[in-house]
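Participant: Attaching a single structure in structure tokens format; questions to follow.
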Amino acid sequence: MSKTKILFVCLGNICRSPMAEGTFRHLVEQQGWQHLFEIDSAGTGAWHVGNPPDSRATATALLRGIDISGQSARKVRHQDFEFYDYILAMDEENHSNLTRIAPEQYRPKIRLFLEFAQDQAETEVPDPYYGGESGFEHALDLVQAASRGLLAEIEDRD
Ligand code: 4NP
């Protein structure tokens, strides 16, 4: 069976998309399904390439049992559009930047991550970088809801 390949994308790849990568991986591992997935995250910007996640993101995730400390930021690459099945943007700006650089045939793979969150009025994961701890808590609430919805959709599909 071919793997489902998922790329989570934000601006810097040090706050939201690392939390999304870690959360989704954690869910998949709890089910014992890690062999069925390729999961990664990337940023549309390059300022933080090679850096670990923001310490606030790492601490917030760890309080919920999710260890993202081993991740390292990278920028979205051209090959990602062909390789990944789902390219999930945290906000509208990430979505439009991805759409602008993606070859046309791969654009349908680019979606807003919160499309998968059930019963959620918000459509974007707000950028928590310039705010306080509560922004990270809220971003992780949204990411956890969307991760559950995404896994449920993939289960239903297969
Ligand atoms: P992220 O947050 O996109 O969730 O990783 C940001 C991280 C860094 C910057 C902006 C947003 N920055 O401007 O450096």
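Residue numbers for the sequence shown follow this note's numbering, beginning at 18 and rising by one.
Beta carbons are placed, not taken as given, at the ideal position from N, Cα and C, and that holds for glycine.
Just so it is clear, the structure is predicted and the values come from calculations on it, not from any experiment.
1) Just the Cα atoms here: how many angstroms apart are L157 and N30?
2) Just the Cα atoms here: how many angstroms apart are Q48 and I83?
3) Report yes if the C-beta distance between Y123 and E150 is below 8 angstroms; otherwise report no.
4) Here's the rule: buried if 16 or more other CB atoms are within 10 angstroms of the residue's CB, otherwise exposed. What is G67?
5) Just verifying my parser: in three-state terms, what is the DSSP assignment at K126?
6) For the segment 74 to 130, which segments carrying the alpha helix (DSSP H) assignment without a break, of at least 4 residues, lie completely within its bounds, in sequence order?
7) Return the CA-CA distance between R128 and H65, expressed in angstroms with no decimal places.
8) In the DSSP output, which residue or residues are listed as bridge partners for S151?
9) Flag N68 as yes when its Cβ comes closer than 7 angstroms to any non-hydrogen atom of the ligand 4NP, and as no otherwise.
10) In angstroms, rounded to a whole number, what distance separates the CA positions of L44 and P125?
11) Hey, is D144 close to the ligand 4NP, as in C-beta under 7 angstroms from one of its heavy atoms?
12) For R33, verify whether its CB is less than 7 angstroms away from any heavy atom of the ligand 4NP.
Facilitator: Taking the structure as given:
1) Numbered from its first residue, the sequence shown carries residue 157 at position 140. Numbered from its first residue, the sequence shown carries residue 30 at position 13. Approximately 14 angstroms, taken between the alpha carbons.
2) Numbered from 1 along the sequence shown, position 31 holds the residue referred to as residue 48. Numbered from 1 along the sequence shown, position 66 holds the residue referred to as residue 83. Taking the straight line joining both Cα atoms gives about 15 angstroms.
3) The residue given as residue 123 occupies position 106 in the sequence shown. The residue given as residue 150 occupies position 133 in the sequence shown. Taking 8 angstroms as the cut-off, the Cβ atoms of Y123 and E150 do not count as close.
4) As a working mapping, residue 67 is identified with position 50 in the sequence shown. Answer is exposed; the Cβ neighbour count stays below 16.
5) One-based indexing of the sequence shown puts residue 126 at position 109. Looking at K126 - three-state DSSP - the assignment turns out to be helix.
6) Fully contained in the segment 74 to 130 are the following alpha helix (DSSP H) runs of length 4 or more, in chain order: 97 to 100, 109 to 118.
7) By one-based count along the sequence shown, residue 128 stands at place 111. By one-based count along the sequence shown, residue 65 stands at place 48. If you take the alpha carbons of R128 and H65, they lie about 23 angstroms apart.
8) Within the sequence shown, residue 151 is the residue found at index 134, counting from 1. Partner residues in a beta bridge of S151, as assigned by DSSP, do not exist.
9) Here the question's residue 68 lines up with position 51 in the sequence shown. Not one heavy atom of the ligand 4NP lies closer than 7 angstroms to the C-beta of N68.
10) Here the question's residue 44 lines up with position 27 in the sequence shown. Here the question's residue 125 lines up with position 108 in the sequence shown. Rounded to the nearest angstrom, the two C-alpha atoms are 25 angstroms apart.
11) Residue mapping note: residue 144 aligns to position 127 of the sequence shown, counting from 1. For the ligand 4NP, at least one heavy atom lies less than 7 angstroms from the Cβ of D144.
12) Within the sequence shown, residue 33 is the residue found at index 16, counting from 1. Checking the Cβ of R33 against the ligand 4NP gives yes.
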